[in-house]
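Numbering (the numbering used here), first residue to last: 7 to 381. Glycine included, every Cβ here is placed at the ideal spot set by N, Cα and C. Here is the structure we will look at.
Dropping the structure here:
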């Protein structure tokens, strides 16, 4: 036993010296902040140390990589590539779309929740469902139905709750309120079923609770399979990291080698904080960055960035079909609420939201606010 232990103690440093990974990316910033890697365990120590801020930690690593792409070595020789390079994102989501698929790990992990639905399949099964869904999402009848459902939920449920909160000067968790609003809308539109999750009593609807449990369990499966949570708006995208699996060997435009079966991730959270993409004021909430003066009409008009610089709704063939409807709901809710109320955050000055890992982002502790009637 002692001999075996001594052998291991001498062997491990030797193996470390011989097989210490040599990063392809060399720079002072890279050496300072790139995840350190060791034989057998990879970057597990860094992952564990930053387990409460994985999104921010990987974002820092992206920013400090010369090509905004870095290799994260996982235990037992497994590797994952993470990128915030728009050219690479376009390569993954469009140019080599057939090369980068959801993959077996993603599908198996979420099968109980998503089954063989459009979000969880690749190949011909995905193409068939995408064609059907694209046709349905482009119909005027669905758009009108969505408008009706949103307006009904807004005027009959959301606004009355805010009116009561303003009158009683109570603190509301706006995150919880809007999640209830969205859940009711989705159920009405997709299933023709009203769970009544957004009512004055704010009940724990059985269906909603069961759905949240399913999402939580599915998210935790990612932690069991890998040390990181992947798959779980620029500064706070609803999906801060998205992941694909390479079906064949490939090379990224920045020269990064990708081996068949390797997991690759693009990082919208990191991309929304890049000075090279958004300028020195990238951290500021400045909506006018999206506006450009139209010289002919002498007024400002909205000019979106390309979807590979701003991949909040994905891009390429898998771009989100519900993007326009999401904007429709956001516009109606913002206009409807701010027309009548002021929303005052009840948080410490200078505090930032803390991401909670899940399939979609949440703020730790919710978003407490006070509602005030506009005079």
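Which residues in the same chain have their Cβ closer than 6 angstroms to the Cβ of residue i, if we skip the five residues on either side of it in sequence?
i: residue 321; result: 99, 313, 314
i: residue 74; result: 68, 90, 91
i: residue 301; result: none
i: residue 163; result: 204
i: residue 93; result: 259
i: residue 44; result: none
i: residue 360; result: 370
i: residue 135; result: 124
Return the CA-CA distance between residue i and residue j, expressed in angstroms with no decimal places.
i: residue 262; j: residue 88; result: 11 angstroms
i: residue 253; j: residue 107; result: 7 angstroms
i: residue 304; j: residue 298; result: 10 angstroms
i: residue 343; j: residue 165; result: 7 angstroms
i: residue 60; j: residue 287; result: 24 angstroms
i: residue 84; j: residue 132; result: 28 angstroms
i: residue 369; j: residue 380; result: 27 angstroms
i: residue 352; j: residue 318; result: 28 angstroms
i: residue 278; j: residue 129; result: 30 angstroms
i: residue 339; j: residue 81; result: 46 angstroms
i: residue 182; j: residue 358; result: 18 angstroms
i: residue 110; j: residue 191; result: 31 angstroms
Would you decide whether residue i is buried or exposed? Buried here means 16 or more other CB atoms lie within 10 Å of its CB.
i: residue 276; result: buried
i: residue 347; result: buried
i: residue 159; result: buried
i: residue 289; result: exposed
i: residue 174; result: exposed
i: residue 375; result: buried
i: residue 76; result: buried
i: residue 367; result: buried
i: residue 280; result: buried
i: residue 274; result: buried
Report the option in the options whose CA atom is closest to the CA atom of residue i.
i: residue 195; options: 138, 151, 143; result: 151
i: residue 185; options: 173, 202, 175; result: 202
i: residue 105; options: 199, 148, 265; result: 265
i: residue 362; options: 372, 355, 154, 353; result: 372
i: residue 103; options: 358, 325, 167; result: 325
i: residue 247; options: 350, 47, 56, 95; result: 95
i: residue 349; options: 177, 139, 153, 65; result: 177
i: residue 271; options: 143, 135, 249; result: 249
i: residue 145; options: 307, 44, 328; result: 328
Going by DSSP in three states, residue i sits in which element: helix, strand or coil?
i: residue 290; result: coil
i: residue 146; result: helix
i: residue 349; result: strand
i: residue 378; result: strand
i: residue 280; result: coil
i: residue 371; result: coil
i: residue 268; result: coil
i: residue 342; result: helix
i: residue 320; result: strand
i: residue 384; result: In the structure displayed, the chain extends from 7 to 381; residue 384 sits before or after that span and is not available.
Is residue i a contact residue of the ligand SAH, with contact defined as CB to any heavy atom under 7 angstroms?
i: residue 79; result: Ligands are entirely absent from the displayed structure, and the ligand SAH is therefore not among its contents.
Could you name the residues of the same chain whose beta carbon sits closer than 7 angstroms to that of residue i, not counting the 5 residues immediately before and after it, in chain order?
i: residue 41; result: 49, 52, 67, 78
i: residue 377; result: 168, 171, 172, 178, 347, 349
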